[in-house]
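Heads up, the thing below is written out as structure tokens.
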Amino acid sequence: MAQVSYERIKNAAGEPASWLTYSGNYASHRFSALDEIDASNVSRLRPMWLYQTSSGGELETSPIVADGLMYVTEPPATVTALDVKTGRPVWNWSRPMPKDLRTRGFPRTNRGLAVLGENVYVGTLDNHVVALDAASGAVRWDVQIAENSLGYCITAAPLAIDGKILVGVSGGEAGVRGFLDALDADTGERLWRFWTIPGPGEAGHETWSGDAWKTGGGATWLTGSYDPELDLLYWGVGNPAPDWNGDVRPGDNLYTCSLIALDAKTGRLKWHFQFTPHDVHDWDANQIPILVDAEVDGRTRKLVVMANRNAFYYVLDREVGTFLLASQYSKQTWAKEIDERGRPVVLPGTEPTEEGTLVWPSLQGATNWFSPSYSPKTRLLYVAVREMGSYYYKAEAEYKPGDYFMGGGERALDGDEAAGAIRAIDITTGKTVWDFRQHSPPWAGVLATAGGLVFAGAEEGNFFALDAATGEPRWHFQTGGGVRANPIAFEIEGRQHIAVAAGKAILVFGL
Amino acid sequence: MIRRCLLASGLLLLAFVSSAQDEALLRGRKLFDSHCARCHNMGGTGGEGPSLARPTLRYAADEEALVKVIQEGIEGTDMPGAWQISGNEVRQIAAYVRSLGRVESTPLPGDRERGRDVFEGASGCGSCHIIEGQGGILGPDLSDVGLRRGADYLRESLVSPDAAIPERYLLVRAQTRAGEEVVGVRVNEDSFTIQLRDQAGRIHSLSKLELEDLEKAFGESLMPSYGSELSASELENLIAYLASLRGEP
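Residue numbers (this note's numbering), protein chains in the order written: chain G, 1 to 511; chain V, 512 to 760.
Structural data, given as structure tokens:
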């Protein structure tokens with residue numbers, strides 16, 4: 001059994017036969033350098049094997065592939081290692097969930113795992129982080145990092161860097177106080193914790209009033225990115241709680257709806273950028289931050305870009321956090337513009353009300369947890385977009401530990417009025433280069449490949465490939481279950497394959 | 512004196528309790544109007560969703576069951592769960608809905624037996640709609656339509672069918688590149704394909720990439736209006752008949 005060293009993950013883009021970390025590489029490109037499958041032959045792409053899960057629930061997992069095994073998570077808390085050649089399970093580990101498990105505002109899901117050294121690492125809905133032997137599934141260590149009785153859960157894939165496992169938490173709809181933990185990869189011991197809602201005496205605390213910060217939300221429920229050279233972690237922070245009634249939490253509510261850059265050694269905040277100050281629409285900023293180097297205003301800069309849930313695409317300098325550009329990539333009716341400092345100019349009459357206020361995008365946002373993909377070949381960012389509006393309602397918000405703490409709700413304008421799209425965005429200008437319309441708003445991520453293709457999925461079960469340059473459809477396959485997961489690419493015996501979860505199954509395609 | 516004081520404070524307490532109840536009912540009504548009236552109509556008289564102004568509810572025998580229905584929805588129906596409404600507010604909505612059942616509901620003016628004759632007679636309803644296994648398949652099965660729809664909605668769907676098309680009955684016209692035209696009701700659709708059922712009941716599976724034109728006739732029903740076909744009393748009788756259909760022979 002080979003070891004998946006930190007060096008291998010750091011150079012993951014140069015080892016496309018494997019898929020070593022949630023988003024493919026630390027820059028979160030979700031791009032494969034494999035080019036065997038291309039526009040000329042993708043019409044022959046066919047399923048090679050399927051793995052049907054039995055633990056129940058729809059899959060949202062993104063597989064990891066290393067050294068002949070594919071690791072997947074199944075809801076609510078199972079890890080399975082599959083022989084990558086045949087799809088036959090090699091080992092399987094499960095943690096029984098407590099009867100009184102609380103998941104507030106999301107399904108009993110798990111979106112993936114991390115691999116480092118001889119271990120795979122997974123978080124569970126009852127907040128255990130477990131290191132499993134990659135070859136056998138035996139438990140190496142198991143630590144609990146938060147209380148489910150308060151509404152905390154782990155649904156995101158951890159991020160493994162040099163000797164550390166980064167773990168974010170869900171629970172914003174229960175009014176938790178969000179944090180990001182760094183654990184020692186060998187022992188599970190906590191190395192540092194960054195609270196996303198600053199406490200008394202800390203910078204940013206003045207953006208809260210009274211005790212609102214204690215139940216302020218700011219979950220860290222998706223996997224962040226990492227720049228090994230700068231030794232900075234980039235992590236998206238969730239919305240403030242209660243979601244739709246902002247009256248009890250006047251102020252900007254830092255660091256909710258922000259991107260934070262943390263020193264990986266210490267967990268100290270290097271910089272932050274808040275996309276949606278004092279959010280009242282549940283437009284968290286947990287979407288995947290993508291690290292790219294590109295020329296802006298005549299000089300090459302280290303950038304971090306994000307297609308945010310609030311319908312705007314942002315370009316920031318990732319060394320210091322300077323705002324460089326924002327552009328609208330999906331229908332929105334809440335902001336007049338983003339000003340030169342990166343702050344939205346909010347239109348009056350867009351706040352939730354007792355009678356309901358119609359606003360685009362919907363509560364689920366212009367995009368959500370499913371991953372975008374960046375191709376260094378086309379220099380385009382591919383984003384799965386939800387074009388849908390919602391009536392936003394405001395209601396009373398009473399905090400009870402571990403219960404819903406939301407202060408309202410929404411009624412989505414679904415049906416034929418809503419649609420989906422895969423959109424290609426020029427990373428430096430933010431302009432939409434092409435658009436492929438989908439029948440309904442998607443819950444599936446995107447994978448771009450060096451073969452000039454973009455793979456994506458649909459609620460109606462279609463898994464399909466578009467031309468990366470034009471958006472023309474090149475291939476589609478009916479999987480028979482809604483695709484609510486991110487695709488990956490890897491090799492089996494030197495041949496390129498594509499994997500995606502659909503319904504309750506993992507599907508692997510090849511030529 | 513002491514006794515009188517006690518009595519007076521007791522009355523005050525009663526008045527307070529009753530005004531607190533009124534307050535909660537008012538609150539429940541407001542929440543109902545925002546979240547529920549779109550389908551169940553103002554006052555819960557029924558629209559696209561069933562009337563709730565009845566003493567017993569099909570899926571909610573008691574207050575506890577009603578709270579559960581509001582929170583979790585009803586599987587296999589269009590009733591969604593209101594996970595975003597707080598527990599306290601759900602109880603207020605439930606209390607308001609229960610109060611609707613205590614109000615004497617106005618009986619429908621029509622005669623259901625005569626309505627059955629209208630349905631089975633010259634109007635031709637049965638050529639497109641099934642009741643208890645008998646009839647055509649072009650339109651929705653009406654065997655339990657009285658449980659699912661309110662009288663106002665039934666009237667609207669008879670007089671202005673274009674304004675009351677169930678989502679699963681979208682009329683679509685498709686033209687293939689080869690020049691063939693297919694008209695039918697959409698039975699399924701995804702980003703790449705669409706499936707239609709035509710007037711003869713035949714299923715057509717079409718690839719969108721091979722279509723010249725795809726027109727979705729939102730707001731256009733296959734059903735003719737019966738507003739002028741039927742006399743006012745025939746219409747009322749037909750509504751009374753449909754409202755009486757509960758899926759029991």
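Idealized CB from N, CA, C, for every residue including glycine.
Just verifying my parser: in three-state terms, what is the DSSP assignment at residue i?
{"i": "cysteine 516 of chain V", "result": "Residue placement at cysteine 516 of chain V cannot be trusted, given a pLDDT of 47 that sits under 50; the coordinates are not used to answer."}
{"i": "tryptophan 141 of chain G", "result": "strand"}
{"i": "glycine 555 of chain V", "result": "helix"}
{"i": "leucine 524 of chain V", "result": "Confidence at leucine 524 of chain V is low in this model, with a pLDDT of 49, below 50, so the placement of that residue is unreliable and no value is reported for it."}
{"i": "glycine 539 of chain V", "result": "helix"}
{"i": "lysine 85 of chain G", "result": "coil"}
{"i": "glutamine 496 of chain G", "result": "strand"}
{"i": "glutamine 438 of chain G", "result": "strand"}
{"i": "methionine 1 of chain G", "result": "Unreliable placement is indicated for methionine 1 of chain G, whose pLDDT of 47 sits below 50; the coordinate value is still reported in the next sentence. Three-state DSSP puts methionine 1 of chain G in coil, outside helix and strand."}
{"i": "threonine 567 of chain V", "result": "coil"}
{"i": "phenylalanine 630 of chain V", "result": "helix"}
{"i": "tryptophan 195 of chain G", "result": "strand"}
{"i": "proline 344 of chain G", "result": "strand"}
{"i": "leucine 92 of chain G", "result": "It is asparagine, not leucine, that sits at residue 92 of chain G in the sequence shown. Asparagine 92 of chain G: strand per DSSP, three-state reduction."}
{"i": "cysteine 639 of chain V", "result": "coil"}
{"i": "leucine 517 of chain G", "result": "Residue 517 of chain G lies beyond the residue range present for chain G, which begins at 1 and ends at 511; the question has no answer from this structure."}
{"i": "glutamine 332 of chain G", "result": "coil"}
{"i": "tyrosine 314 of chain G", "result": "strand"}
Does chain G have any CB closer than 8 Å to the CB of residue i?
{"i": "glutamate 740 of chain V", "result": "no"}
{"i": "alanine 751 of chain V", "result": "no"}
{"i": "isoleucine 596 of chain V", "result": "yes"}
{"i": "alanine 743 of chain V", "result": "no"}
{"i": "leucine 746 of chain V", "result": "no"}
{"i": "serine 545 of chain V", "result": "yes"}
{"i": "aspartate 652 of chain V", "result": "no"}
{"i": "glutamate 559 of chain V", "result": "no"}
Does any CB atom of chain V fall closer than 8 Å to the CB of residue i?
{"i": "tyrosine 393 of chain G", "result": "yes"}
{"i": "glycine 461 of chain G", "result": "yes"}
{"i": "alanine 241 of chain G", "result": "no"}
{"i": "proline 107 of chain G", "result": "no"}
{"i": "tyrosine 382 of chain G", "result": "no"}
{"i": "methionine 406 of chain G", "result": "yes"}
{"i": "glutamate 396 of chain G", "result": "yes"}
{"i": "glycine 513 of chain G", "result": "Any property of residue 513 of chain G remains undetermined from this structure, which presents chain G solely from 1 to 511."}
{"i": "proline 473 of chain G", "result": "yes"}
{"i": "alanine 174 of chain G", "result": "no"}
{"i": "histidine 476 of chain G", "result": "yes"}
{"i": "alanine 458 of chain G", "result": "yes"}
For residue i, which option in the options has the closest C-alpha, if you only look at C-alpha atoms?
{"i": "phenylalanine 179 of chain G", "options": "G/Asp293, G/Ala160, G/Ile154 and G/Pro441", "result": "G/Ile154"}
{"i": "glycine 592 of chain V", "options": "V/Gly598, V/Asn599, V/Glu600 and V/Glu583", "result": "V/Glu583"}
{"i": "threonine 704 of chain V", "options": "G/Ala469, G/Tyr393 and G/Gly461", "result": "G/Gly461"}
{"i": "histidine 439 of chain G", "options": "V/Glu600, V/Tyr737, V/Pro735 and V/Lys727", "result": "V/Lys727"}
{"i": "alanine 146 of chain G", "options": "G/Phe405, G/Val65, G/Glu337 and G/Gly123", "result": "G/Gly123"}
{"i": "leucine 466 of chain G", "options": "G/Gly480, G/Thr479, G/Ala450 and G/Gly481", "result": "G/Ala450"}
{"i": "tyrosine 607 of chain V", "options": "V/Gly650, V/Leu537 and V/Val656", "result": "V/Leu537"}
{"i": "leucine 233 of chain G", "options": "G/Asp243, G/Leu358, G/Gly415 and G/Pro158", "result": "G/Pro158"}
{"i": "glycine 348 of chain G", "options": "G/Glu355, G/Glu340, G/Lys336 and G/Gly480", "result": "Residue identity differs from the one stated: residue 348 of chain G is proline in this sequence, not glycine. When each option's Cα is compared against that of proline 348 of chain G, the closest is G/Lys336."}
{"i": "alanine 397 of chain G", "options": "G/Tyr26, G/Val248, G/Glu60 and G/Gly503", "result": "G/Val248"}
{"i": "tyrosine 226 of chain G", "options": "G/Lys265, G/Pro376 and G/Thr322", "result": "G/Lys265"}
{"i": "leucine 183 of chain G", "options": "G/Gly168, G/Arg108 and G/Pro242", "result": "G/Gly168"}
{"i": "isoleucine 648 of chain V", "options": "V/Arg713, V/Ser742, V/Leu568 and V/Thr567", "result": "V/Arg713"}
{"i": "glycine 415 of chain G", "options": "V/Lys719, V/Glu731 and V/Glu700", "result": "V/Glu700"}
{"i": "tyrosine 399 of chain G", "options": "G/Pro250, G/Arg423 and G/Thr215", "result": "G/Thr215"}
{"i": "glutamate 493 of chain G", "options": "G/Glu36, G/Val120 and G/Leu363", "result": "G/Glu36"}
Going along the chain, which residues of the stretch 408-441 of chain G sit with their C-beta nearer than 9 Å to a C-beta in chain V? The stretch 408-441 of chain G vs chain V, Cβ under 9 Å: Gly408, Gly409, Glu410, Arg411, Gly415, Asp416, Gly420, Phe436, Arg437, Gln438, His439 and Ser440.
Closer than 8 Å between beta carbons: that is the criterion. Which residues of the stretch 712-741 of chain V meet it against chain G? Listed by position along the chain: Leu720, Lys727 and Phe729.
Segment contact, 8 Å Cβ cut-off, at least three pairs: the stretch 334-344 of chain G with the stretch 367-383 of chain G: The stretch 334-344 of chain G vs the stretch 367-383 of chain G: no contact.
Which residues, in chain order, does the stretch 662-679 of chain V contribute to contact with chain G at a C-beta distance below 9 Å? Answer in chain order: Glu678.
Decide yes or no for the touch test of the stretch 19-36 of chain G against the stretch 475-495 of chain G: beta carbon pairs closer than 8 Å, at least 3 of them. The stretch 19-36 of chain G vs the stretch 475-495 of chain G: in contact.
What are the residues of the stretch 566-598 of chain V that lie near chain G, defined by any Cβ-Cβ distance shorter than 8 Å? Correct list: Ala593, Trp594, Gln595, Ile596, Ser597 and Gly598.
The stretch 44-61 of chain G touching the stretch 105-112 of chain G, judged by at least three CB pairs closer than 8 Å: Short answer: they touch.
Residues from the stretch 679-711 of chain V in contact with chain G, defined by Cβ distance under 7 Å: Correct list: Glu700, Asp701, Ser702 and Phe703.
Could you say if the stretch 476-483 of chain G and the stretch 430-439 of chain G meet the contact criterion of at least three C-beta pairs nearer than 8 Å? Result no; under three Cβ-Cβ pairs closer than 8 Å.
Could you run through the stretch 599-613 of chain V and flag, in chain order, every residue whose CB is less than 8 Å away from some CB of chain G? The residues in question are Asn599 and Glu600.
Report yes or no: do the stretch 659-672 of chain V and the stretch 559-574 of chain V share at least 3 C-beta pairs separated by less than 8 Å? With the cut-off at 8 Å, the stretch 659-672 of chain V and the stretch 559-574 of chain V touch.
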